[in-house]
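Chemist: Provided herewith is a single structure, encoded as structure tokens, for subsequent inquiry.
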Amino acid sequence: MTKKGKATEIISVSLPESTAREVDRLVDEKGYPSRSELVREAVRGLIRADQRLADVDGEVDGVIILLYDHKASREVSDVRHANMHIIKSFMHTDFSDHSCSVHEDACKCCEVLMFSGPAVEVRRVHDAFRTTKHVEESLVFLA
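So in the working numbering, spot 71 of the sequence shown is number 71, and the numbers just go up one at a time.
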């Protein structure tokens, strides 16, 4: 039970060590009472963002912004090319640091994809991007 008397379920989450350190840093800096509270807030935010897109019907216009490791480039490109019927335009850039030329895995990529089409298709495409391995962020903004 939580402090508010609601039933809770314990789940286990595996994170890379660097991400776990970032979680601990945020807990300390922001004053969360625990890691669990930070994770609960993050999950609630994901659910709210997903619900906003789920509540839309009909034709929609907007942008999808992706941030991903370079090693996901092929998969991202495959999703993009398979959905050019709703992706009207896109822009790509590499956020390279000095190590990018030596260690390609250190490269981060960003894409901004402009879309126009049925909301059901936009949801499907967004889900395909955000569930692609090594995609770190996939955000949708409706016009």
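Glycine included, every Cβ here is placed at the ideal spot set by N, Cα and C.
#1: Taking three-plus beta-carbon pairs below 8 Å as touching, is the stretch 25-43 in contact with the stretch 82-91?
#2: My assumption, with CB atoms under 8 Å, is that Ile86 sits in contact with Glu121. Please give the rounded CB distance.
#3: Just confirm the distance between the C-beta atoms of Gly62 and Phe115, as a whole number of angstroms; I'd bet it's less than 8 Å.
#4: For the pair the stretch 41-60 and the stretch 89-97, tell me if three or more CB-CB distances fall below 8 Å.
#5: Expressed to the nearest angstrom, what Euclidean distance is found between the alpha-carbon atoms of Ile47 and Arg123?
#6: If we ignore side chains and look at the alpha-carbon of each, how far apart do Ser99 and Leu53 end up?
#7: Using only alpha-carbon positions, find the residue among Asp28, Ala128, Ala49, Lys30 that is nearest to Ser77.
#8: According to the Cβ coordinates, are Thr19 and Glu75 closer than 8 Å?
Modeler: This is what the structure gives:
#1: no
#2: Here residue 86 corresponds to residue number 86 of the sequence shown, with the count starting at 1. Here residue 121 corresponds to residue number 121 of the sequence shown, with the count starting at 1. About 5 Å; that satisfies the 8 Å criterion.
#3: For the purposes of this step, residue 62 is taken as the residue at position 62 of the sequence shown. For the purposes of this step, residue 115 is taken as the residue at position 115 of the sequence shown. Contact flag correct, Cβ pair sits at about 6 Å.
#4: no
#5: Working through the sequence shown from its first residue, we reach residue 47 at position 47. Working through the sequence shown from its first residue, we reach residue 123 at position 123. Roughly 14 Å between the two C-alpha positions.
#6: Start at 1 with the first residue of the sequence shown, and residue 99 comes out as number 99. Start at 1 with the first residue of the sequence shown, and residue 53 comes out as number 53. For Ser99, the predicted structure reports a pLDDT of 49, less than 50, and the residue's modelled location is therefore unreliable. A value from the coordinates is still provided. Answer to the nearest angstrom: the Cα atoms are 37 Å apart.
#7: On the sequence shown, residue 77 is found 77 positions in, with the first residue counted as 1. Among Asp28, Ala128, Ala49, Lys30, the Cα nearest to that of Ser77 is on Ala128.
#8: One-based indexing of the sequence shown puts residue 19 at position 19. One-based indexing of the sequence shown puts residue 75 at position 75. No, these two residues do not count as a Cβ contact at 8 Å.
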